Amino acid sequence: MKKLELLSPAGSSEKLETAFYFGADACYFAGKKYGLRAFSDNFDEDELEKYINYAHSLNKKAYITVNILAHNEDFNGLAEYLKYLEKIGADAIIASDVGIINLSKKVAPNLEIHLSTQANCTNAESARFWKDFGVKRIVLARELSLKEIAQIKDAVPDIELEAFVHGAMCISYSGRCLLSNYLCKRDSNRGQCAQACRFEYYLREKTRDDEMTIQQDERGTYILNSKDMNMIAHIKEMADAGVESFKIEGRMKTSYYVANVTNAYRRAINAVEKGEPFDSSLYEELEKSSHRRYTTGFYLDEKDREFIETSLPVSTYDFIANVVEDAQNGVVSVEQRNRFKVGDTLEVLSPSEEFNKTFVVQTIIDSKGENIDDALKVQEIVKINCPYELKKGDILRKKHSN
Numbered sequence: 071m072k073k074l075e076l077l078s079p080a081g082s083s084e085k086l087e088t089a090f091y092f093g094a095d096a097c098y099f100a101g102k103k104y105g106l107r108a109f110s111d112n113f114d115e116d117e118l119e120k121y122i123n124y125a126h127s128l129n130k131k132a133y134i135t136v137n138i139l140a141h142n143e144d145f146n147g148l149a150e151y152l153k154y155l156e157k158i159g160a161d162a163i164i165a166s167d168v169g170i171i172n173l174s175k176k177v178a179p180n181l182e183i184h185l186s187t188q189a190n191c192t193n194a195e196s197a198r199f200w201k202d203f204g205v206k207r208i209v210l211a212r213e214l215s216l217k218e219i220a221q222i223k224d225a226v227p228d229i230e231l232e233a234f235v236h237g238a239m240c241i242s243y244s245g246r247c248l249l250s251n252y253l254c255k256r257d258s259n260r261g262q263c264a265q266a267c268r269f270e271y272y273l274r275e276k277t278r279d280d281e282m283t284i285q286q287d288e289r290g291t292y293i294l295n296s297k298d299m300n301m302i303a304h305i306k307e308m309a310d311a312g313v314e315s316f317k318i319e320g321r322m323k324t325s326y327y328v329a330n331v332t333n334a335y336r337r338a339i340n341a342v343e344k345g346e347p348f349d350s351s352l353y354e355e356l357e358k359s360s361h362r363r364y365t366t367g368f369y370l371d372e373k374d375r376e377f378i379e380t381s382l383p384v385s386t387y388d389f390i391a392n393v394v395e396d397a398q399n400g401v402v403s404v405e406q407r408n409r410f411k412v413g414d415t416l417e418v419l420s421p422s423e424e425f426n427k428t429f430v431v432q433t434i435i436d437s438k439g440e441n442i443d444d445a446l447k448v449q450e451i452v453k454i455n456c457p458y459e460l461k462k463g464d465i466l467r468k469k470h471s472n
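Take any residue in the sequence shown, count from 1 to its spot, add 70: that is its number in the working numbering.
Shown next as structure tokens:
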């Protein structure tokens with residue numbers, strides 16, 4: 071089996087470093103313009119160069135999103151930007167607009183091009199066209215089944231295929247939505263989505279002016295609100311169909327989300343590559359970070375596609391602290407992210423063998439060197455007891471009490 075790539079989101083430098091620490095082979099991220107997540111922190115030009123070099127120092131890859139559906143004014147400065155990405159060694163751009171792709175071929179001919187899912191490539195003829203046009207990899211439309219993906223790979227065997235395996239899904243066809251622009255004057259196709267599909271909608275009867283909640287079924291009203299994708303139990307089937315890169319959604323999500331999901335999929339992919347069976351506990355792992363109810367979307371031809379009854383995310387664990395220094399002599403320094411107390415049981419999230427081990431907090435020493443019973447100050451560096459050899463970058467979490 072060809073080596074499979076785990077591709078994680080990086081909406082900030084912290085998330086990028088977290089993704090690589092927890093096992094991502096590559097990250098996708100954006101500059102300050104031209105990407106579809108305008109409200110992520112994103113990266114200025116100096117930061118792009120710094121973190122592309124950082125990725126390469128780890129023998130990892132960096133893909134830069136240039137995936138807006140461009141208007142005329144968007145091309146101002148774009149040629150220079152593409153040349154810059156080629157110069158600093160970006161491993162590829164992710165683009166959907168044929169004008170942007172054509173321009174990149176002209177001004178940055180050595181810059182690899184990956185076709186964004188926004189281009190909604192759903193068939194072998196389209197895949198063949200894009201390959202002949204110079205695209206190295208296709209990020210497949212989310213509306214495809216595994217059977218259809220296999221047919222595309224059989225017809226165009228020398229194109230790389232990437233597919234989303236986890237995260238928030240857009241209810242619109244391949245994410246091409248006008249609702250946000252219409253309601254909020256924020257163009258989702260140019261990176262400013264207001265997630266209007268997550269709103270609760272009502273039906274108004276004209277003559278009586280009665281307002282009625284739209285109901286999909288007896289449980290809910292959010293008929294435009296998608297479930298989250300979760301294909302962790304089906305990595306092998308996806309690989310057998312021809313998928314080579316497994317993409318996690320979430321540039322707007324937290325570092326804890328990036329860590330937890332990347333860690334779970336890294337372990338699942340490793341098992342597939344070793345010929346080992348799926349570890350069902352990894353599905354439980356994905357309940358520990360914020361998510362909506364899960365779906366396998368269109369991949370398995372199931373009736374349960376993307377609809378959900380509520381917009382509120384859920385999780386079973388809280389993100390408590392980042393480990394900021396390697397543990398020594400039974401003590402570890404952590405940066406507090408959520409409140410915890412002496413007597414709490416914390417669980418370890420780590421790419422190492424310390425993964426999922428637990429311990430009880432017995433001592434907390436604050437930044438002034440004083441013993442405290444309750445860590446209340448967000449981002450304060452505190453020292454706590456810990457029996458494990460934790461490393462900088464590991465995470466501590468706590469199960470919800472309810």
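Think of the CB as a built atom: it goes at the ideal place given N, C-alpha and C, for glycine as much as any other residue. If you're wondering where the values come from, they're calculated on a predicted model, not measured in any experiment.
* For T192, which of helix, strand or coil comes out of DSSP? -> Taking the sequence shown and counting its residues from 1, one reaches residue 192 at position 122. In this structure, T192 counts as coil in the three-state DSSP scheme.
As assigned by DSSP and simplified to three states, the class of M397: Locating residue 397 in the sequence shown gives position 327, where the first residue counts as 1. Looking at the sequence shown, residue 397 is not Met but Ala. Coil.
Check: Under the rule that 16 or more other beta-carbon atoms within 10 Å means buried, what is D95, buried or exposed?
Finding: Numbered from its first residue, the sequence shown carries residue 95 at position 25. Classification for D95: buried.
Taking DSSP's pairing of strands, which residues face D101 in a bridge? In the sequence shown, the residue the question calls residue 101 occupies position 31. Looking at the sequence shown, residue 101 is not Asp but Gly. Answer is F113, bridged to G101.
query = How is N137 classed by DSSP in three states: helix, strand or coil?
reply = As a working mapping, residue 137 is identified with position 67 in the sequence shown. Coil.
Beta-carbon proximity of K85 to P79, cut-off 8 Å: The residue labelled residue 85 in the question sits at position 15 within the sequence shown. The residue labelled residue 79 in the question sits at position 9 within the sequence shown. Yes, the pair counts as a contact, with Cβ atoms nearer than the cut-off.
- Query: When burial is assigned at 16 or more other CB atoms within 10 Å of the CB, is D114 buried or exposed?
  - Reply: Within the sequence shown, residue 114 is the residue found at index 44, counting from 1. Classification of D114: exposed, given that the 10 Å Cβ count is below 16.
_Could you give the first and the last residue of the continuous alpha helix (DSSP H) run that contains D224?_
Within the sequence shown, the letter at position 154 stands for residue 224. In this chain, the alpha helix (DSSP H) harbouring D224 covers 216-225.
- Query: Which value, in whole angstroms, describes the spacing of the CA atoms of E213 and F429?
  - Reply: Taking the first residue of the sequence shown as 1, we reach residue 213 at position 143. Taking the first residue of the sequence shown as 1, we reach residue 429 at position 359. Cα to Cα, E213 sits roughly 44 Å from F429.
Quiz item: With DSSP run on the structure shown, which of helix, strand or coil describes V495?
Solution: Nothing can be reported for residue 495, as the shown portion of the chain is limited to 71 through 472.
**Asked** What residues in its chain sit with their C-beta under 6 Å from that of S437, if we drop five residues either side in the sequence?
**Response** As a working mapping, residue 437 is identified with position 367 in the sequence shown. Once the five neighbours on either side are set aside, the close Cβ partners of S437 are E450, I451.
Note to self: I'd like to confirm the pairing. Which residues does DSSP put opposite H361 in its beta bridges?
What the structure shows: Your numbering for residue 361 matches position 291 in the sequence shown. The partner list for H361 (beta bridge, DSSP) reads V384.
- Query: Looking at C-alpha atoms only, which residue of K427, H126, K131, E119 is the closest neighbour of L152?
  - Reply: Here the question's residue 152 lines up with position 82 in the sequence shown. For the residues K427, H126, K131, E119, the minimum Cα distance to L152 belongs to E119.
* Integer-rounded CB distance, given that I163 should sit under 8 Å from H184 -> In the sequence shown, the residue the question calls residue 184 occupies position 114. In the sequence shown, the residue the question calls residue 163 occupies position 93. The pair is a contact, with the Cβ atoms about 7 Å apart (cut-off 8 Å).
ask   = Could you check where the beta strand (DSSP E) with F90 kicks off and where it finishes?
value = If you number the sequence shown from 1, residue 90 lands on position 20. No beta strand (DSSP E) contains F90, which is instead part of the alpha helix (DSSP H) from 83-91.
Under the three-state reduction of DSSP, which class applies to A233: helix, strand or coil?
-> As a first step, residue 233 is located in the sequence shown; it is residue number 163 there, counting from the start. A233 falls in the strand class under three-state DSSP.
Original post:
Within 10 angstroms of its Cβ, does K317 collect 16 or more other Cβ (buried), or is it exposed?
Top reply: Looking up residue 317 in the sequence shown gives position 247. Within a 10 Å sphere around the beta-carbon of K317 sit 16 or more other beta-carbons, which makes this residue buried.
Please confirm whether L356 and I302 have their CB atoms less than 8 Å apart.
In the sequence shown, the residue the question calls residue 356 occupies position 286. In the sequence shown, the residue the question calls residue 302 occupies position 232. Cβ atoms of L356 and I302: closer than 8 Å.
Taking only three categories from DSSP, how would you classify F368?
The count along the sequence shown starts at 1 and reaches residue 368 at position 298. Of the three classes helix, strand and coil, the one that applies to F368 here is coil, per DSSP.
inquiry  = Just to confirm my understanding: we take K469, look at its own chain, exclude 5 residues before and 5 after, and list those with CB closer than 6 Å. What are they?
reply    = In the sequence shown, residue 469 corresponds to position 399, counting from 1. If we look at K469 and ignore the five residues flanking it on each side, its Cβ neighbours are Y387.
Exercise for review: Along the beta strand (DSSP E) that carries S78, what are the first and last residues, could you check?
Suggested key: In the sequence shown, residue 78 corresponds to position 8, counting from 1. Counting along the chain, S78 sits inside the beta strand (DSSP E) bounded by residues 75-79.
On the CB-based measure, 16 or more other CB atoms within 10 Å of its CB, does Q406 come out buried or exposed? Counted from its first residue, the sequence shown places residue 406 at position 336. The residue in question, Q406, is buried, as its Cβ has 16 or more Cβ neighbours within 10 Å.
Practice problem: Count the other C-beta atoms from every protein chain shown that fall within 10 angstroms of the C-beta of K358, then say buried if there are 16 or more, exposed otherwise. | Solution: Translated into the one-based positions of the sequence shown, residue 358 becomes position 288. Around the beta carbon of K358, a 10 Å sphere encloses 16 or more other beta carbons of the protein chains shown; the residue is thus reported as buried.
For G290 and T365, what's the separation of their Cα atoms in angstroms? To locate residue 290, count along the sequence shown from 1; it is residue 220. To locate residue 365, count along the sequence shown from 1; it is residue 295. With a pLDDT of only 49 at G290, under the threshold of 50, the placement of this residue in the model should not be trusted, and no figure is reported.
- Hey, does D349 have any beta-carbon neighbour from chain C nearer than 8 Å? You won't find chain C in this structure, because it holds only one protein chain.
Check: Per DSSP, F348 forms a beta bridge with which residues?
Finding: For this step, residue 348 is matched to residue 278 along the sequence shown. Paired residue(s): none; F348 is not in a bridge.
Is the distance from the Cβ of H236 to the Cβ of Y335 below 8 Å? Residue mapping note: residue 236 aligns to position 166 of the sequence shown, counting from 1. Residue mapping note: residue 335 aligns to position 265 of the sequence shown, counting from 1. Going by C-beta atoms, H236 is nearer than 8 Å to Y335.
**Q.** Nearest-angstrom Cα separation, counted from C191 out to E218
**A.** In the sequence shown, counting from the first residue as 1, residue 218 sits at position 148. In the sequence shown, counting from the first residue as 1, residue 191 sits at position 121. Roughly 11 Å between the two C-alpha positions.
Exercise. Give the single residue among A194, S351, I222, E156 whose Cα lies nearest to the Cα of D310.
Key: For the purposes of this step, residue 310 is taken as the residue at position 240 of the sequence shown. Proximity to D310 across A194, S351, I222, E156 peaks at I222, based on C-alpha coordinates.
message: Please return the same chain residues whose Cβ sits closer than 7 Å to the Cβ of S186, not counting the five positions on each side in sequence.
response: As a working mapping, residue 186 is identified with position 116 in the sequence shown. Here the set comprises N137, I164, A165, S166, V209.
Looking only at DSSP bridge pairs, what is M301 linked to? Position 231 of the sequence shown holds residue 301. None, per the DSSP bridge assignment.
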